[in-house]
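2 protein chains.
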Amino acid sequence: MKRLTILDVAERAGVSVGTVSNALNRPEIVAEKTLASIQAAMDELGFVRNAAARQLTGAKSPAIGLIVLDIDNPFFTEVYRGVEAAANEAGYLVVVCGLSGDPTHERRQLRLLEEQRVAGILATRVGKGNSRVYSQMRKRGMPVVMLDRRSAGKNQCSVAVDDVAGGRLAGEHLCGLGHERVALVNGPRDWTQCADRRSGFLTAVEDAGATLLPDADLEFEKMTIGAGEEAAREILAAAEQPTAIFCANDLLALGVEHALIAAGHRVPEDFAIVGYDDVAFATMAFVPLTSVRQPAGELGKRGAEQLLSEATDENHKHEQIVFEPELVVRASTGAPVPSAR
Amino acid sequence: MKRLTILDVAERAGVSVGTVSNALNRPEIVAEKTLASIQAAMDELGFVRNAAARQLTGAKSPAIGLIVLDIDNPFFTEVYRGVEAAANEAGYLVVVCGLSGDPTHERRQLRLLEEQRVAGILATRVGKGNSRVYSQMRKRGMPVVMLDRRSAGKNQCSVAVDDVAGGRLAGEHLCGLGHERVALVNGPRDWTQCADRRSGFLTAVEDAGATLLPDADLEFEKMTIGAGEEAAREILAAAEQPTAIFCANDLLALGVEHALIAAGHRVPEDFAIVGYDDVAFATMAFVPLTSVRQPAGELGKRGAEQLLSEATDENHKHEQIVFEPELVVRASTGAPVPSAR
DNA sequence: GCGCCGCTATGAAACGTTTCAAAAACTTGC
DNA sequence: GCAAGTTTTTGAAACGTTTCATAGCGGCGC
Chain A
-13 MKRLTILDVA
-3 ERAGVSVGTV
7 SNALNRPEIV
17 AEKTLASIQA
27 AMDELGFVRN
37 AAARQLTGAK
47 SPAIGLIVLD
57 IDNPFFTEVY
67 RGVEAAANEA
77 GYLVVVCGLS
87 GDPTHERRQL
97 RLLEEQRVAG
107 ILATRVGKGN
117 SRVYSQMRKR
127 GMPVVMLDRR
137 SAGKNQCSVA
147 VDDVAGGRLA
157 GEHLCGLGHE
167 RVALVNGPRD
177 WTQCADRRSG
187 FLTAVEDAGA
197 TLLPDADLEF
207 EKMTIGAGEE
217 AAREILAAAE
227 QPTAIFCAND
237 LLALGVEHAL
247 IAAGHRVPED
257 FAIVGYDDVA
267 FATMAFVPLT
277 SVRQPAGELG
287 KRGAEQLLSE
297 ATDENHKHEQ
307 IVFEPELVVR
317 ASTGAPVPSA
327 R
Chain B
-13 MKRLTILDVA
-3 ERAGVSVGTV
7 SNALNRPEIV
17 AEKTLASIQA
27 AMDELGFVRN
37 AAARQLTGAK
47 SPAIGLIVLD
57 IDNPFFTEVY
67 RGVEAAANEA
77 GYLVVVCGLS
87 GDPTHERRQL
97 RLLEEQRVAG
107 ILATRVGKGN
117 SRVYSQMRKR
127 GMPVVMLDRR
137 SAGKNQCSVA
147 VDDVAGGRLA
157 GEHLCGLGHE
167 RVALVNGPRD
177 WTQCADRRSG
187 FLTAVEDAGA
197 TLLPDADLEF
207 EKMTIGAGEE
217 AAREILAAAE
227 QPTAIFCAND
237 LLALGVEHAL
247 IAAGHRVPED
257 FAIVGYDDVA
267 FATMAFVPLT
277 SVRQPAGELG
287 KRGAEQLLSE
297 ATDENHKHEQ
307 IVFEPELVVR
317 ASTGAPVPSA
327 R
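Heads up: the protein sequence lines correspond to chains A and B, in order.
Taken in order, the first sequence gives residues -13 to 327; the numbers are from the working numbering.
Taken in order, the second sequence gives residues -13 to 327; the numbers are from the working numbering.
What follows is the structure in structure tokens.
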């Protein structure tokens, strides 16, 4: 099957290649009649223009890359939808790279994206040791926007949610209800967001005069339902038990809740639980989850818009957007019940 | 910032462009020493080769397209993971097109993918009226694999799950428990999978001498939690009420269960519920959901493998793979409780 | 009928790579 | 030291598009 080119179309329509190219890119300067015959020729032939050749002559790639290290989390699905919406609006495709957190794979995919000369890259989390890779890419001229993560500096775009505030919100809520011994089920602390949520939470707890039990200051590599279940077991096995548990995302919280209830405990009477992200399923849980809400879709949308602006607008201004999180109270939190102990 | 080309590298390393190209593509035919100096030159310059130019000379695009019309459903996240795993394994990128079911957008994205000359396209569902678009693409030589959908014919690859069997499984389970009046909460019936699930379910129900209440044979455009909640309201409002409800996916089922319980009914005593897909959250539901399980990850993986085989293997054989679904029984189903009525 | 003008159409160069036939640079063995 | 190999390198053509300076074509006013 011989490949169809603009030349075949030109021949068929009885015009030159230049004219076909004009018809494709600036139809307004081509005579009505000519345009029609070119259109007809393309339809009959089933011509689809070659983006590679196009790109070679200077056109920008109509694609952006989206790096997601944690695709299981419905939170990121929402982010994706925001990104997709903005990208689609502008006529761009989204290349999703979601390999579960292997830094080597991440590098390989970044390299591929760069070879493709995608218009830009949106990153939700940077794999261990890969931040240098990103800064090198930026130096070579590739627009990069950090999503859901405070940017390193002013010379770069970023969209984020104030995680310190989010952690504080959770802590204040629990302590406000009267909890005095609390637990934290966190993700890897070298991930800025986890560190921030922890620090905000800790501040609130200390300010309220409560204590984060040292045995219950947990950290898990993966922030999954499974990890949450394990966390619950560890908490139950500890010497001293908390009356409230803050989980750094809803998946963990769901796992914690599930395991706790399976073990015969009551939520919120025995353990109050606060999650993070407010994913759609938080409402559907056995005990609907109190959670810190983040505007996931908006996050993705604004990030993609920033990226595309940086990619196409000469006088683009870098911008650091920070959203404020919001506490959504549901049934999984309540005051501690002394009698239950 | 002037663009770096292979020529700059050649100059810096003191060799010809041909040699640099060789170093990149067939390092084994280049002398050790030359290779080293080229490598050094590339590193110093920060050279990244241009995939567009490469593709123009015959190389295949290292990307495949994945069309998902229903990205909210965690089921598709799992499919994606399978696809990504297979693609990554083979060194491919995945372009995800997930715009929520608008056929016009779908066509636009397909066009972009085709212009990019992606190695192939994986489609999980075909938007209304777009099947012709797909067959035209195939005619032009673009490999297309239908995922999770019985293919039209033998001259095309496909991977699917037997949805008729899945529906039957649900029907047999419920009728086997003694339910005699059942409801169906389905998605759009012009989607093959929904039609199939319905027909399998119907067969089982009729074989068992039970009846699908005419008032409770529901069909919703979107298969979401929200639609499920609405379904529950409709079922409760109907003249005659079922004792069991089969939902064509877990999102619907979760919504139904939630609304039912919110309205003060008990699951499974008042209403037994069966879902479909067995998403991770089915276990976490208020009442853990009985569901028909599909091997989502495997589906995506095999589909991508088929696609890549078709894209790269001269003597590729088309193949239609059909997986068998499996019933996972949890707390949301039980025998009908006469006293409750 | 001429010179101009405004539209349209043309075609060659350029984009950054790969390929491949041919040249160059080495090795051998004698 | 030379012929015959063998290994390595070379450079020009090709890929499919866009761009842009230039050419062609009508019509118009005089």
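Backbone N, C-alpha and C fix where the C-beta goes; we use that ideal spot for every residue, glycine too.
The model shown is predicted, which means the values in this text are computed figures rather than measured ones.
Give every residue of the same chain whose Cβ lies closer than 8 Å to the Cβ of residue i, excluding the five residues on either side of it in the sequence, and list them in chain order.
i	result
residue 61 of chain B	235, 236, 263, 265, 280 and 282
residue 298 of chain A	46 and 105
residue 326 of chain B	Because the pLDDT of residue 326 of chain B is 45, which lies under 50, any placement of that residue in the model is unreliable, and the number read from its coordinates should be weighed accordingly. Answer for residue 326 of chain B: 252, 255 and 256, listed in chain order.
residue 315 of chain A	159 and 276
Could you compute how far the alpha carbon of residue i sits from the alpha carbon of residue j?
i	j	result
residue 305 of chain B	residue 144 of chain B	7 Å
residue 150 of chain A	residue 185 of chain A	6 Å
residue 42 of chain B	residue 242 of chain B	53 Å
residue 196 of chain B	residue 199 of chain A	57 Å
residue 328 of chain B	residue 79 of chain B	Because chain B is modelled from -13 through 327, residue 328 of chain B falls outside the range shown and cannot be assessed.
residue 94 of chain B	residue 324 of chain B	55 Å
residue 260 of chain A	residue 309 of chain B	39 Å
residue 176 of chain B	residue 92 of chain B	17 Å
residue 183 of chain A	residue 5 of chain A	59 Å
residue 240 of chain B	residue 193 of chain B	27 Å
residue 65 of chain A	residue 312 of chain B	32 Å
residue 123 of chain B	residue 53 of chain B	14 Å
residue 166 of chain A	residue 248 of chain A	24 Å
residue 224 of chain B	residue 58 of chain A	38 Å
Closer than 7 Å by C-beta to residue i: which residues in its own chain qualify, once you throw out the five before and the five after it? Chain order, please.
i	result
residue 302 of chain B	295 and 296
residue 103 of chain B	41 and 47
Taking the beta carbon of residue i as the centre, do at least 16 other beta carbons fall within 10 Å, making it buried, or is it exposed?
i	result
residue 121 of chain A	exposed
residue -11 of chain A	exposed
residue 70 of chain B	buried
residue 230 of chain B	buried
residue 222 of chain A	exposed
residue 111 of chain A	buried
residue 51 of chain B	buried
residue 26 of chain B	exposed
residue 173 of chain A	buried
residue 157 of chain A	buried
Considering only the alpha carbon of each residue, which of the options lies closest to residue i?
i	options	result
residue 171 of chain B	B/209, B/80 and B/146	B/209
residue 67 of chain B	A/65, A/55, A/179 and A/8	A/55
residue 32 of chain A	A/0, A/49, A/-6 and A/39	A/-6
residue 168 of chain A	A/112, A/244, A/155 and A/258	A/258
residue 226 of chain A	A/292, A/205 and A/201	A/201
residue 99 of chain B	B/81, B/114, B/142 and B/111	B/81
residue 274 of chain B	B/59, B/173, B/319 and B/232	B/319
residue 36 of chain A	A/-9, A/272 and A/74	A/-9
residue 164 of chain B	B/5, B/322 and B/22	B/322
residue 109 of chain B	B/87, B/224, B/272 and B/207	B/87
residue 132 of chain A	A/312, A/103, A/313 and A/286	A/286
residue 125 of chain A	A/12, A/141, A/214 and A/113	A/141
residue 155 of chain B	B/179, B/228 and B/187	B/187
residue 39 of chain B	A/101, A/129, A/217 and A/116	A/101
residue 116 of chain A	A/96, A/270 and A/129	A/96
residue -3 of chain B	B/12, B/30 and B/57	B/30
residue 113 of chain B	B/228, B/207, B/214 and B/216	B/207
Could you give the residue range of the alpha helix (DSSP H) that holds residue i?
i	result
residue 83 of chain B	Element bounds for residue 83 of chain B: not the alpha helix (DSSP H) but the beta strand (DSSP E), 79 to 83.
residue 187 of chain B	178 to 193
Span of the beta strand (DSSP E) holding residue i?
i	result
residue 328 of chain B	With chain B running from -13 to 327 in the structure shown, residue 328 of chain B is simply not present.
residue 172 of chain A	167 to 172
residue 53 of chain A	49 to 53
residue 203 of chain B	197 to 205
residue 107 of chain B	106 to 109
residue 144 of chain B	144 to 147
residue 261 of chain B	258 to 263
residue 284 of chain B	First-last for residue 284 of chain B: 282 to 298, but that is the alpha helix (DSSP H), not the beta strand (DSSP E).
residue 306 of chain B	306 to 309
Short of 6 Å in beta carbon distance, which residues of its chain neighbour residue i, apart from the five on each side in sequence? Order them along the chain.
i	result
residue 72 of chain B	287, 290 and 291
residue 402 of chain B	This structure cannot settle anything about residue 402 of chain B, because the visible part of chain B is limited to -13 through 327.
residue 85 of chain A	91
residue 218 of chain A	242, 245 and 246
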